[in-house]
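Undergrad:
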Amino acid sequence: MIKKSAFIVIFFCAIFSLNAQSSLVDRYLAAANTSYSEKDYAKAFSYINYVYGQYDADKTPRNVEVLAELIYYDYLNHMRVTNNFSEFQVVKDRLAEFPAISSDRVTRLVRTLNTLESQNTNLETTVSTVLDLRDAVEYKIQLERTKAELHALEKALEDARESAEKEKLYRDKEFLETQKELYEKALNLSNERDGVNKTFVLLIIIAVVVLFFVLFVVMMIIVRISTKNAKKQQEQFEATLQMVSQIARNPSERLSLGSFVDSFGDAASNGRIGGTQASLPRPELTEEERLELQDLALKCEAVGEDIDRVTGRKNNSKNVAELVYKISHQLSCSTYDSMLYFCAAMVYDAGFLKIDPEIFTKESLSTEEKYEIRSHVKQATESFDFIPEKYLPVFLDAALMHHENMDGSGYPTGASGENIPLIARIIRVVESFISLISRRNYRGIFDKEAAITELKNSSHLYDSAIIDALDTII
Numbered sequence: 002m003i004k005k006s007a008f009i010v011i012f013f014c015a016i017f018s019l020n021a022q023s024s025l026v027d028r029y030l031a032a033a034n035t036s037y038s039e040k041d042y043a044k045a046f047s048y049i050n051y052v053y054g055q056y057d058a059d060k061t062p063r064n065v066e067v068l069a070e071l072i073y074y075d076y077l078n079h080m081r082v083t084n085n086f087s088e089f090q091v092v093k094d095r096l097a098e099f100p101a102i103s104s105d106r107v108t109r110l111v112r113t114l115n116t117l118e119s120q121n122t123n124l125e126t127t128v129s130t131v132l133d134l135r136d137a138v139e140y141k142i143q144l145e146r147t148k149a150e151l152h153a154l155e156k157a158l159e160d161a162r163e164s165a166e167k168e169k170l171y172r173d174k175e176f177l178e179t180q181k182e183l184y185e186k187a188l189n190l191s192n193e194r195d196g197v198n199k200t201f202v203l204l205i206i207i208a209v210v211v212l213f214f215v216l217f218v219v220m221m222i223i224v225r226i227s228t229k230n231a232k233k234q235q236e237q238f239e240a241t242l243q244m245v246s247q248i249a250r251n252p253s254e255r256l257s258l259g260s261f262v263d264s265f266g267d268a269a270s271n272g273r274i275g276g277t278q279a280s281l282p283r284p285e286l287t288e289e290e291r292l293e294l295q296d297l298a299l300k301c302e303a304v305g306e307d308i309d310r311v312t313g314r315k316n317n318s319k320n321v322a323e324l325v326y327k328i329s330h331q332l333s334c335s336t337y338d339s340m341l342y343f344c345a346a347m348v349y350d351a352g353f354l355k356i357d358p359e360i361f362t363k364e365s366l367s368t369e370e371k372y373e374i375r376s377h378v379k380q381a382t383e384s385f386d387f388i389p390e391k392y393l394p395v396f397l398d399a400a401l402m403h404h405e406n407m408d409g410s411g412y413p414t415g416a417s418g419e420n421i422p423l424i425a426r427i428i429r430v431v432e433s434f435i436s437l438i439s440r441r442n443y444r445g446i447f448d449k450e451a452a453i454t455e456l457k458n459s460s461h462l463y464d465s466a467i468i469d470a471l472d473t474i475i
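Dropping the structure here:
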C-alpha cells in the first residue's frame with residue numbers, strides 16, 4: 002500500500018513538473034513575441050533561444066519555428082541597418098546550433114553581414130593608415146615650429162647680458178633640444194611605418210594585377226581553343242553536308258575514299274528491318290527527294306544537338322553521322338541509302354531525351370539507373386514525329402538495334418549476324434570507335450590505330466567488313 006501511494010505521489014509530481022515546464026516555455030514564448038513586437042530584438046532573440054532549446058530538432062512546433070525565423074531575420078537586419086556587429090557572431094553560433102532556423106533569406110542576410118563586417122575591418126585599417134599619415138604631418142609641423150623657437154632662443158641667448166637670464170635661456174634651450182630629439186624620433190618612426198605600409202599595399206596591388214592578368218590570359222586561351230575547335234567541327238560538318246548535297250545532285254559521283262574489296266556481297270546494300278528485307282526507293286534521287294532529304298538532315302541536326310547537350314557528348318551526333326556516311330559509300334551503298342543513314346545516325350540516340358538528365362552526370366549508377374539507360378533504345382520513337390513515314394523504318398532500325406552484337410549477345414532483341422540491319426551494324430562500330438578515341442573519365446584514350454585494333458579483337462561483337470571499311474577511311 003505504501004509503495005502504491007509513493008508511486009502515485011511521484012506520478013503527480015512528474016505531471017506537475019511537466020506542466021510547470023510547459024507553462025514556463027509558454028511564458029518565454031509570449032515574452033519573445035512581445036519583445037519582437039516592441040522591436041527589442043536582443044531580448045526577443047534571448048527568449049526564443051530558450052524556447053527553441055526545449056524541443057527536439059524534429060519536434061519543434063511550427064509556431065515556434067516561424068517566430069524564431071522572424072526574430073532572427075529582423076535581428077540580423079537590424080544589425081545591418083545600424084552597422085553594429087557586436088552580437089553577430091553569437092547569432093551565427095545559434096544558427097549553427099539550430100540549423101532549421103536558417104531559411105533562404107536568413108542565409109542570404111548572414112552572407113551580406115559577413116561581407117559588411119569584412120568591409121568594416123578593411124575600412125578601419127584604411128583609417129588607421131590615414132591617421133598615421135596625419136600624425137606624420139603633425140610631427141613635421143611641430144618640428145619646424147620647435148626649430149623656429151630654438152633659433153629665436155639662441156639669438157636671444159646671444160643678446161642676453163645677465164647671467165640669470167642666460168641660465169634660464171640655457172635651461173629653455175636644453176628643454177627645446179630634448180623636445181626636438183623626441184619629435185625627430187617620432188617623425189622617423191612614423192616615416193618608417195608609413196614606408197612599410199606603402200610597400201605592403203604596393204606589393205598587394207602588384208600581386209592582384211598579375212593574378213588578374215594571368216587569369217585573363219588563361220581564359221582567353223581557353224576561349225580561343227574552344228572557339229577554334231567548335232569552328233573546325235562546324236566547318237567539317239558543313240563540308241559533309243555540302244558533299245552530301247553535291248552527290249545527291251549527281252548520283253553518278255562517288256566519294257574518293259580508296260579502293261575497298263566488298264566482302265559484304267549483296268548484304269552491302271541490305272536495309273533489313275527486324276530481320277526482314279525493307280523495300281527502299283530507287284537509288285536515283287529526284288529534285289523533290291533531294292530537297293526533302295536535305296530538309297530532313299537539317300531537322301536531324303537540331304535534334305542531334307539536343308541529344309549531345311543532354312548526354313554531355315559534344316558534337317557526338319555530327320561525328321557519328323559523318324563516319325556513317327563515309328562508311329556507307331565505302332560499302333558501295335546507294336546515294337539514297339547513304340544520305341538516309343547519314344540522317345538516321347544523327348538521331349539514333351533520341352531515346353536519351355526521355356531519360357532524367359541527372360543520370361548522365363553521375364559517376365556511378367544503380368542497377369535501376371543502368372536499366373533506365375538501356376531503355377533509351379525503345380524510347381526514341383517518341384522523338385521521331387518529324388520523320389516522313391517512308392523513311393521511318395530506317396530510323397527505327399538505327400535507334401532500336403544499334404546495341405545488338407554479331408554473336409547475339411546484345412540488346413534489346415538479341416539479334417545476330419545479318420539479322421541486324423546494316424545501319425545498326427555501322428552505328429555499332431562507329432559509336433564504339435568514337436568512344437575509344439574520345440576522352441572519357443573511366444578509360445584511357447586510344448589513338449585511331451589502337452582503336453581499330455581493339456575493335457578487330459572484338460570481332461564477335463562487330464561486323465568485320467565494316468571495321469575494314471572504317472580502317473580504310475581513317
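In the numbering used here, the protein residues as written are 2 to 475.
Even for Gly, the Cβ is constructed at its ideal location relative to N, Cα and C.
#1: Measure the CB-CB distance between Val378 and Ala346 and report whether it falls below 8 Å.
#2: Counting only the same chain and skipping the five closest in sequence on each side, list residues whose C-beta sits under 8 Å from that of Val65.
#3: From the DSSP output, in three-state form, read off Thr473 for me.
#4: Using the Cβ count rule (16 or more neighbours within 10 Å means buried), how would you classify Met407?
#5: Tell me which residue opens and which closes the alpha helix (DSSP H) that Phe396 is part of.
#6: For my contact list, Ser104 and Glu70 are in at a C-beta cut-off of 8 Å; report their separation, rounded to the angstrom.
#7: What would DSSP say about Ser47, mapped onto helix, strand or coil?
#8: Hey, Arg375 and Tyr337: beta-carbon distance below 8 Å or not?
#9: Considering Cα atoms alone, identify which of Pro394, Asn85 and Glu98 is closest to Ser119.
#10: Can you tell me where the alpha helix (DSSP H) holding Gly305 begins and where it ends?
#11: Quick one: is Ala45 buried, meaning 16 or more other Cβ sit within 10 Å of its Cβ, or exposed?
#12: Do the stretch 451–466 and the stretch 431–438 touch if we need at least three Cβ pairs shorter than 8 Å?
#13: Under 8 Å between C-beta atoms, does Ser87 make it to chain B?
#14: Report the CB separation of Asp398 from Ile424 in whole angstroms; it is logged as a contact under 8 Å.
#15: Count the C-beta pairs between the stretch 351–369 and the stretch 322–340 that are closer than 8 Å, then say yes if the count reaches three, no if not.
#16: When DSSP labels each residue in this structure, what does Ile468 get in the three-state scheme?
#17: Could you work out which residue in Val111, Ser87 and Glu39 is closest to Tyr74 when comparing CA atoms only?
#18: Work out the CA separation of Tyr171 and Glu145 for me, nearest whole Å.
#19: What first and last residue would you give for the alpha helix (DSSP H) that runs through His377?
#20: Judging by CA-CA distance, which residue of Ala416, Ser36 and Arg63 is the nearest neighbour of His403?
#21: Output yes or no for whether 8 Å exceeds the beta carbon distance between Ala322 and Phe353.
#22: The alpha helix (DSSP H) that contains Tyr73, what's its start and end?
#23: Verify whether the separation of the beta carbon atoms of Ile428 and Tyr326 is less than 8 Å.
#24: Which first and last residues belong to the alpha helix (DSSP H) in which Glu432 is found?
#25: Indicate the three-state DSSP secondary structure (helix, strand or coil) for Pro100 in the structure shown.
#26: Any idea what DSSP makes of Lys40, helix, strand or coil?
#27: Could you tell me how far apart the beta carbons of Leu190 and Lys141 are, in whole angstroms, since I believe they sit closer than 8 Å?
#28: Which residue comes first and which comes last in the alpha helix (DSSP H) that contains Thr336?
#29: Verify whether the separation of the beta carbon atoms of Leu471 and Phe434 is less than 8 Å.
#30: Which whole-angstrom value describes the C-beta separation of Asn317 and Asp309, a residue pair presumed to lie in contact below a C-beta threshold of 8 Å?
#31: Closer than 6 Å by C-beta to Ala381: which residues in its own chain qualify, once you throw out the five before and the five after it? Chain order, please.
#32: One question on the structure: do Leu151 and Leu177 come within less than 8 Å of each other, judged by their Cβ atoms?
TA: Straight from the coordinates:
#1: Not a contact, by the Cβ cut-off of 8 Å.
#2: Leu30, Ile49, Val52, Tyr53 and Tyr56
#3: helix
#4: buried
#5: Leu393 to Met402
#6: 5 Å
#7: helix
#8: no
#9: Nearest Cα to Ser119 within the set Pro394, Asn85 and Glu98: Asn85.
#10: Glu288 to Thr312
#11: Ala45 is classed as buried because its beta carbon has at least 16 other beta carbons within 10 Å across all chains shown.
#12: In this structure the stretch 451–466 touches the stretch 431–438; the number of beta carbon pairs closer than 8 Å is three or more.
#13: No chain B appears in this structure, which consists of one protein chain only.
#14: So it is a contact: roughly 5 Å between Cβ atoms.
#15: no
#16: helix
#17: Val111
#18: 20 Å
#19: His377 to Gln380
#20: Ala416
#21: Here Ala322 is not near Phe353, since their CB atoms are 8 Å or more apart.
#22: Arg63 to Thr83
#23: In this structure, Ile428 sits away from Tyr326, with a CB-CB distance that is not shorter than 8 Å.
#24: Leu423 to Ile438
#25: helix
#26: Lys40 sits in coil when the DSSP states are folded into three classes, being neither helix nor strand.
#27: Not really, about 13 Å apart at Cβ, beyond 8 Å.
#28: Thr336 to Val348
#29: yes
#30: 5 Å
#31: Ala351, Gly352 and Ala400
#32: In contact: Leu151 and Leu177 (Cβ atoms closer than 8 Å).
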